[in-house]
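Worksheet for the structure shown next.
Number of protein chains: 2
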Amino acid sequence: MRARDLLADFPTVALDTSVVDAARMLADQDLPGLIVVDDTGSPFTILPGTQVLRLAVPGYCQDDPALARVVDEPHADAFLQALDGRTVREALPRQPRELPVTDPEATVLELAALMARTHSPLVAVVDGDRRLVGAVTLQALLDRVLAV
Amino acid sequence: MRARDLLADFPTVALDTSVVDAARMLADQDLPGLIVVDDTGSPFTILPGTQVLRLAVPGYCQDDPALARVVDEPHADAFLQALDGRTVREALPRQPRELPVTDPEATVLELAALMARTHSPLVAVVDGDRRLVGAVTLQALLDRVLAV
């Protein structure tokens with residue numbers, strides 16, 4: 001069993017998608033994360049659901065829980081709306097990190113190790129030209145591995 | 149809007165649950181993660197889905213993708229079965245880390261910051277005696293925040 005046997009089409013967002021639209025897509029389609037593609041359609045980054053949320057959380061709240069607590073309830077409730085059109089490109093963190101991207105020949109063990117290491121319940125599968133051919137989700141992987 | 153308004157009952161696993169049963173619960177109930185409780189019913193740890201998978205991935209594959217690739221396909225397919233009754237307690241990593249646990253008064257911004265920081269799409273909510281009163285999922289949080 002290889003990535004090619006497990007992959008499925010997966011919706012993508014562009015770098016110019018707004019963070020609110022990205023969050024809405026994640027919620028409405030109950031996705032484990034999002035694949036952000038560049039202008040050529042290649043994966044630019046993969047964002048697990050928690051890191052889509054991170055795009056929307058003000059920087060001063062991300063590292064200090066005490067600072068998140070001082071924001072009053074009405075402002076906290078509206079934190080997503082406060083982004084006001086901010087795009088994924090503008091909100092992405094600068095630091096590079098290992099991306100959960102692999103090729104169609106990856107085994108289930110490679111996929112599992114990649115998901116665990118990158119904390120991503122979603123792996124993008126690309127061909128030799130780095131074109132996106134689909135994605136493997138944690139659910140799809142577990143369903144197949146448990147059926148062995 | 150506070151954690152108490154968003155929380156719902158959430159299934160738990162014990163430290164003596166087998167890793168395979170934990171993975172099956174995650175897959176069958178389509179959960180974003182698992183709450184592991186100790187003998188008193190208090191949260192011992194919270195495992196995002198990717199970290200449940202991590203319990204099942206051999207140590208030598210976790211940090212080196214090349215080593216995962218040398219395992220042949222039949223053995224890779226059976227990696228979960230190879231655990232053979234290993235319990236969650238036996239598989240948990242030793243290093244302490246910040247747990248996604250909060251109190252019922254946490255705002256949605258605190259919940260979002262906690263999920264982003266701990267890479268957990270699941271936050272356990274405990275009372276003053278650290279008893280589990282429920283959990284807030286990333287989906288529940290986004291659904292409510294997007295509806296504001």
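Those protein sequence lines, which keep their order, are chains A and B.
All residue numbers for the first sequence refer to the numbering used here, where the first residue is 1 and numbers rise by one.
All residue numbers for the second sequence refer to the numbering used here, where the first residue is 149 and numbers rise by one.
For each residue, glycine too, the CB sits at the ideal point set by N, CA and C.
| Asked | Found |
| --- | --- |
| CB-CB length for B:Ala151 against B:Val296, believed under 8 Å | The Cβ separation is near 16 Å, so there is no contact. |
| Spatial distance of A:Gln62 from B:Asp220 (CA atoms) | 41 Å |
| Nearest-angstrom Cβ-Cβ length linking A:Val57 and B:Ala260, presumed shorter than 8 Å | 5 Å |
| Near-chain B residues of the segment 86 to 116 of chain A (beta-carbon distance less than 7 Å), N- to C-terminal order | Thr107, Val108, Leu109, Glu110, Ala112, Ala113, Leu114, Met115 and Ala116 |
| The segment 248 to 262 of chain B / the segment 120 to 133 of chain A touching (three or more Cβ pairs under 8 Å) | no |
| Where B:Leu290 sits in the DSSP three-state scheme | helix |
| Whether B:Asp164 touches B:Thr266 by CB criterion (7 Å) | no |
| Under 8 Å (Cβ pairs) to chain B, residues found in the segment 42 to 56 of chain A | Pro48, Gly49, Thr50, Gln51, Leu53, Arg54 and Ala56 |
| Any chain A beta carbon closer than 7 Å to B:Asp186 | no |
| For B:Asp157, the nearest candidate out of B:Met173, B:Gly282 and B:Leu289 (CA to CA) | B:Gly282 |
| Per DSSP, the bridge partner or partners of A:Gly49 | A:Gly49 pairs with nothing; no bridge assigned. |
| Residue-level contact to chain B via CB, A:Leu80, 7 Å cutoff | yes |
| As assigned by DSSP and simplified to three states, the class of A:Leu93 | It is Pro, not Leu, that sits at residue 93 of chain A in the sequence shown. In the structure shown, A:Pro93 sits in coil (DSSP, three-state: anything other than H, G, I, E or B). |
| B:Leu182 beta carbon less than 7 Å from that of B:Val200 | yes |
| Per-residue burial, A:Ala76 [other beta carbons within 10 Å of its own, 16 or more giving buried] | buried |
| Rounded distance between the beta-carbons of A:Pro48 and A:Pro121, thought under 8 Å | 6 Å |
| Nearest-angstrom beta carbon gap, A:Asp143 and B:Ala175 [assumed within contact, 8 Å] | 6 Å |
| Outcome for B:Ala254 when other beta-carbon atoms lying within 10 angstroms are tallied against a minimum of 16 | buried |
| Identified DSSP bridge partners for A:Thr12 | A:Ile35 |
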